[in-house]
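S.K.: Quick note: the sequence shown uses our numbering, first residue 2, plus one each step.
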Amino acid sequence: MTQRIEAIINASPDEFIDNENAKGEKLFAALDVSGFIIKPAENPVSLSAFNLPYYEGLNRYNNKYWLGIYRRDELFAVDFLKKICLLCQETKLGQLCCTSWKTIIIKGIDEQHKQSWNALLEEFEVNMRHAANELNFQVEDHCVEGLELKNYLVKHLSVNDTRTFGVCFGIKTRKKSEIFSSILIRKRHFISFLGIKLFAVYDILCAKDFNPNERTGFVFSRGNPKSLLPEQLRRAVLKFYQTRSAVKNEQFIPLKKSNQSLPKEIEFLYQCSDCFTVYSEDLGDLNQGIAAGTKFDDLPANFCCSLCENDKGGFVKVEKKMLQVV
Numbered sequence: 002m003t004q005r006i007e008a009i010i011n012a013s014p015d016e017f018i019d020n021e022n023a024k025g026e027k028l029f030a031a032l033d034v035s036g037f038i039i040k041p042a043e044n045p046v047s048l049s050a051f052n053l054p055y056y057e058g059l060n061r062y063n064n065k066y067w068l069g070i071y072r073r074d075e076l077f078a079v080d081f082l083k084k085i086c087l088l089c090q091e092t093k094l095g096q097l098c099c100t101s102w103k104t105i106i107i108k109g110i111d112e113q114h115k116q117s118w119n120a121l122l123e124e125f126e127v128n129m130r131h132a133a134n135e136l137n138f139q140v141e142d143h144c145v146e147g148l149e150l151k152n153y154l155v156k157h158l159s160v161n162d163t164r165t166f167g168v169c170f171g172i173k174t175r176k177k178s179e180i181f182s183s184i185l186i187r188k189r190h191f192i193s194f195l196g197i198k199l200f201a202v203y204d205i206l207c208a209k210d211f212n213p214n215e216r217t218g219f220v221f222s223r224g225n226p227k228s229l230l231p232e233q234l235r236r237a238v239l240k241f242y243q244t245r246s247a248v249k250n251e252q253f254i255p256l257k258k259s260n261q262s263l264p265k266e267i268e269f270l271y272q273c274s275d276c277f278t279v280y281s282e283d284l285g286d287l288n289q290g291i292a293a294g295t296k297f298d299d300l301p302a303n304f305c306c307s308l309c310e311n312d313k314g315g316f317v318k319v320e321k322k323m324l325q326v327v
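(1) Leu32 by DSSP, collapsed to three states: which one?
(2) I need the boundaries of the alpha helix (DSSP H) containing Arg187, first residue and last residue.
(3) Which residues share a DSSP beta bridge with Gly337?
(4) In the structure shown, what three-state DSSP assignment does Asp19 receive?
(5) Verify whether the separation of the beta carbon atoms of Gln272 and Val279 is less than 7 Å.
(6) Assuming Ile205 and Ala247 make a contact with CB atoms under 8 Å, what is their CB distance in whole Å?
(7) Rounded to whole angstroms, what's the CA-CA distance from Phe51 to Ala208? Just pull it up for me.
(8) At which residues does the alpha helix (DSSP H) containing Asp80 begin and terminate?
(9) Using the DSSP secondary-structure output, state which residues sit across from Ser222 in a beta bridge.
(10) Hey, Val160 and Asn134: beta-carbon distance below 7 Å or not?
(11) Between the C-alpha atoms of Ile9 and Ala132, what's the straight-line distance to the nearest angstrom?
(12) Is Leu136 helix, strand or coil by DSSP?
(13) Applying the criterion that 16 or more other CB atoms from any shown protein chain within 10 Å of the CB defines a buried residue, is Ser49 buried or exposed?
(14) From which residue to which residue does the alpha helix (DSSP H) around Lys151 run?
(15) Could you work out which residue in Lys40, Ser117, Lys65, Arg73 is closest to Gln90 when comparing CA atoms only?
(16) Measure the alpha-carbon distance for Asp111 versus Ala201 and round it to whole angstroms.
(17) Kindly list the residues whose CB is nearer than 6 Å to the CB of His114, restricted to its own chain and excluding five residues on each side of it in sequence; keep chain order.
Printed below as a string of structure tokens:
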């Protein structure tokens, strides 16, 4: 399918390449789909949330280790790469992985070979455990200018001790380059005429809902000189956390207490006003043949206090808690 789409685009470059008025409907109308099973989408595609992966350091998973190697200049010495390959052969590791952040990952390292990998890193003086705000950036391939801007911004983020956890930054200095990011710093020139480019400025663009899987949602700040860029980037990061907090608050539903205590029914006793003897409806009065559960109003007219023989009318209704009776 993608090969056929690419062939149609290459056959009509004026119509589909660098044409702001290009229509996707026209492209797919020219596509022969007779050899494919096509089903219309029932609902819009729901893109998954993004969490920036940790891709550096020697880390344990299950009973193995994985090693992520990051270089600040994104350059790896050839001798170092050769030694990595030889060590992989010696320890029977079959593959090297590369990430979009210009790092190398080796997976499946056994405990017994951990020291060998540490020795290799020491031999070539490879540093580990870089700051998170530095690992959050992605720049274009072979872009010295982008790396210099990244180091400039990282320095200011570190000085201000700005939290960047969960933020994916991107730096774009060239046209048509695709950078995966939730916050994108895009370079352009304030004056561009007949190939003459003057006064570089920077725009800060944010992905929809700050999700790098989405397209650009809004322009946070436009036309910033380099001197103001660190502060504008810091404010964009604050906007990121404010948006995340607002989404969490909307999703939060307080749980109802299932064991919420109900108001207890007030219990009463009947107390003799002369000697303070107590009659309980739950217990009755076995000495006078009154069964348990007999209401005070149902007592016979000749009922009297079992201690001082005060008549029924001499009893006063009192709350049980006032008498401190268990």
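All residues carry an ideal CB built from backbone N, CA and C; glycine is no exception.
M.R.: From the atom records:
(1) For Leu32, the three-state secondary structure derived from DSSP is coil.
(2) Counting along the chain, Arg187 falls outside any alpha helix (DSSP H), though it belongs to the beta strand (DSSP E) covering 184–194.
(3) There is simply no residue 337 to check, as the chain begins at 2 and stops at 327 in what is shown.
(4) Coil at Asp19, not helix or strand.
(5) With respect to Val279, Gln272 sits close: the two C-beta atoms are nearer than 7 Å.
(6) No, Ile205 and Ala247 are not in contact; Cβ-Cβ is about 20 Å, not under 8 Å.
(7) The C-alpha of Phe51 lies about 12 Å from the C-alpha of Ala208.
(8) Secondary structure note for Asp80: its alpha helix (DSSP H) is the uninterrupted segment 79–91.
(9) Answer is Ile205, bridged to Ser222.
(10) No, the Cβ-Cβ distance between Val160 and Asn134 is not below 7 Å.
(11) Roughly 46 Å between the two C-alpha positions.
(12) Helix.
(13) Around the CB of Ser49, fewer than 16 other CB atoms lie within 10 Å, so the residue is classed as exposed.
(14) Boundaries of the alpha helix (DSSP H) harbouring Lys151: 145–160, taken from the DSSP string.
(15) It is Ser117 whose Cα lies nearest to the Cα of Gln90.
(16) One C-alpha to the other measures close to 50 Å.
(17) Exclusion of the five residues before and after His114 leaves Thr92 as the residues of its chain whose Cβ lies within less than 6 Å of its Cβ.
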